[in-house]
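Comments concern the structure below.
2 protein chains.
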Amino acid sequence: MMKNQTQRAPGRPRHTKDDPPIQEMIIQTASKRFMEYGYEPVSLHQIAEACHVSKPAIYYHFSSKPELFKVAVTSVLNNVHQHIARILEDAEHLEAGLVSVAEARLTNPHAEIETMLREAEPFLNEEQIREIRLAEHHIYQVLADQFQAAMDNDMFRSNDPMLLAHTFSAMLMLGNRKDALQKYTTNEALAKEIVSIFLRGASA
Amino acid sequence: MMKNQTQRAPGRPRHTKDDPPIQEMIIQTASKRFMEYGYEPVSLHQIAEACHVSKPAIYYHFSSKPELFKVAVTSVLNNVHQHIARILEDAEHLEAGLVSVAEARLTNPHAEIETMLREAEPFLNEEQIREIRLAEHHIYQVLADQFQAAMDNDMFRSNDPMLLAHTFSAMLMLGNRKDALQKYTTNEALAKEIVSIFLRGASA
Numbered sequence: 001m002m003k004n005q006t007q008r009a010p011g012r013p014r015h016t017k018d019d020p021p022i023q024e025m026i027i028q029t030a031s032k033r034f035m036e037y038g039y040e041p042v043s044l045h046q047i048a049e050a051c052h053v054s055k056p057a058i059y060y061h062f063s064s065k066p067e068l069f070k071v072a073v074t075s076v077l078n079n080v081h082q083h084i085a086r087i088l089e090d091a092e093h094l095e096a097g098l099v100s101v102a103e104a105r106l107t108n109p110h111a112e113i114e115t116m117l118r119e120a121e122p123f124l125n126e127e128q129i130r131e132i133r134l135a136e137h138h139i140y141q142v143l144a145d146q147f148q149a150a151m152d153n154d155m156f157r158s159n160d161p162m163l164l165a166h167t168f169s170a171m172l173m174l175g176n177r178k179d180a181l182q183k184y185t186t187n188e189a190l191a192k193e194i195v196s197i198f199l200r201g202a203s204a
Numbered sequence: 205m206m207k208n209q210t211q212r213a214p215g216r217p218r219h220t221k222d223d224p225p226i227q228e229m230i231i232q233t234a235s236k237r238f239m240e241y242g243y244e245p246v247s248l249h250q251i252a253e254a255c256h257v258s259k260p261a262i263y264y265h266f267s268s269k270p271e272l273f274k275v276a277v278t279s280v281l282n283n284v285h286q287h288i289a290r291i292l293e294d295a296e297h298l299e300a301g302l303v304s305v306a307e308a309r310l311t312n313p314h315a316e317i318e319t320m321l322r323e324a325e326p327f328l329n330e331e332q333i334r335e336i337r338l339a340e341h342h343i344y345q346v347l348a349d350q351f352q353a354a355m356d357n358d359m360f361r362s363n364d365p366m367l368l369a370h371t372f373s374a375m376l377m378l379g380n381r382k383d384a385l386q387k388y389t390t391n392e393a394l395a396k397e398i399v400s401i402f403l404r405g406a407s408a
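In order, the protein sequences belong to chains A and B.
Following my numbering, the numbering of the first sequence begins with 1 at its first residue and continues without gaps.
Following my numbering, the numbering of the second sequence begins with 205 at its first residue and continues without gaps.
See the structure below:
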């Protein structure tokens, strides 16, 4: 939660809410670290050091490590959501859109969000968990909307669009298995193959 | 690595290699903890406490935490491999076998192994990583063998059987998303739906 202090308390670092780059930098650094290493192994001390700020500077912007985690992770999820929505909107047809989404995801594989959240949840309060889950849900919803449209057009057989969204998303985890799938020399080739299996699986 | 000492050194705990239950108990406890929380958050101290043994007792059986991790994780992977091989062997046909595998996995979802290994790898040596990866590979191989047979029978269209093995395995990660998929009231219903999508995706 951002603190809405309008005056700098004595001894507080010289970063106010009018100084968004610092806050942005903390969020971006925290996002990278949390997504790479999970919640517990990352300390606010490390984040402060990487940002060249003091630990109090972080506490000035974020009330706690769980709060920073929530802001960082929802920020990543919101970016993913917007990116996927834009790709699907700009695509000529569903298959092309899904290949682009798959390729983007295979190029930037990251920790399985579910595993990371499960590890982090004991440290978060209900509201923080709820906000993260909602941001995650929006990603599946944008895919589910496309799949519902494909069902309405009789392109897909009738199914639970949310199940298809989760299935497609799970298949993209193959980006983390590249060592085992060296046959696919480009992400594009692997993306096309995954989308092909998915579309045949979902088709009417 | 098990130490091959035949005589108990003075001050060593009273557990020798002729005393497998203690060693088994350490492996089982370590497996559960590592699979649930990942490598770093789990300490040998916690494992010793849960087993009601001293930390030196753990060091008597395992030279280091990375070594115990390797033994614990390969033990889990070998069990999964044997379990899957048995299910597929006993099944009347491929679809029934895959539904059983899926149902078993959905009932016992665990951390995405790839995420856990990536977190642990900085602490492991090359040989330990190689042994874990090999144990993991055997699981995919038993699936890939079935898919290759399905291609030989023209039941599946020609494809990379290892890609299909990884795809199917990735789809089973949906077991970790049950909150989002409450529509499927039983694991059996969800397993059947996932296998149906997969088989359509792979079919000739």
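Cβ coordinates follow ideal geometry from the N, Cα and C atoms, glycine included.
Burial state of residue i, where buried means 16 or more other Cβ atoms lie within 10 Å
i	result
GLU177(A)	The sequence shown places Arg at residue 177(A), rather than the Glu named in the question. Buried, by the Cβ-count rule.
THR185(A)	exposed
THR107(A)	exposed
HIS81(A)	buried
PRO365(B)	buried
ARG33(A)	buried
PHE123(A)	exposed
ALA374(B)	buried
ASN363(B)	buried
ALA144(A)	buried
Interface flag, residue i vs chain B, CB-CB below 7 angstroms
i	result
GLU40(A)	yes
GLY97(A)	no
ALA150(A)	no
THR115(A)	yes
MET155(A)	no
MET171(A)	yes
ILE129(A)	no
ILE139(A)	no
ILE47(A)	no
THR6(A)	In this prediction, THR6(A) has a pLDDT of 47, which is less than 50 and means its spatial position is unreliable; nothing more can be read from the coordinates.
ALA197(A)	It is worth fixing the name first, because residue 197(A) is Ile in this sequence and not Ala. It does; some Cβ of chain B falls within 7 angstroms.
MET2(A)	At MET2(A), the pLDDT of 47 sits below 50, so the modelled position is not reliable and the matter cannot be decided from this model.
ALA204(A)	no
Nearest-angstrom Cβ-Cβ length linking residue i and residue j, presumed shorter than 8 angstroms
i	j	result
ALA135(A)	ASN78(A)	6 angstroms
LEU172(A)	ALA96(A)	Not really, about 16 angstroms apart at Cβ, beyond 8 angstroms.
PHE198(A)	GLY405(B)	6 angstroms
THR115(A)	THR319(B)	4 angstroms
TYR243(B)	GLU323(B)	6 angstroms
LEU367(B)	LEU378(B)	With 8 angstroms as the limit, LEU367(B) and LEU378(B) do not qualify as a contact, their Cβ atoms being about 18 angstroms apart.
SER64(A)	ILE27(A)	Contact flag wrong, Cβ pair sits at about 14 angstroms.
ILE84(A)	VAL142(A)	6 angstroms
PRO270(B)	ASN329(B)	7 angstroms
Any C-beta of chain A under 7 angstroms from that of residue i
i	result
LEU482(B)	The displayed coordinates of chain B run from 205 to 408. Any statement about residue 482(B) would go beyond what the structure contains.
LYS269(B)	no
LYS387(B)	yes
HIS370(B)	yes
ARG381(B)	yes
ASP364(B)	yes
ALA395(B)	no
ARG404(B)	yes
ILE336(B)	no
Beta-carbon proximity of residue i to residue j, cut-off 7 angstroms
i	j	result
ALA72(A)	SER43(A)	no
ALA104(A)	TYR140(A)	no
LYS213(A)	VAL99(A)	A query on residue 213(A) cannot be resolved here, the shown segment of chain A reaching from 1 to 204 and no further.
GLN332(B)	LYS259(B)	no
ALA252(B)	ILE262(B)	yes
ALA354(B)	LEU292(B)	no
ASP154(A)	ALA204(A)	yes
Contacts of residue i in chain D (Cβ-Cβ under 7 angstroms)
i	result
GLU323(B)	The chain labelled as chain D is not found among the protein chains of the depicted structure, namely A and B.
Handout entry: Contained alpha helix (DSSP H) runs [length at least 4] in the stretch 78-133 of chain A, N- to C-terminal order
Key = For the stretch 78-133 of chain A, whole alpha helix (DSSP H) runs of length 4 or above, ordered along the chain, are 94-107, 113-120.
Handout entry: Inside the stretch 129-202 of chain A only - alpha helix (DSSP H) runs reaching at least 4 residues
Key = 161-171, 187-202
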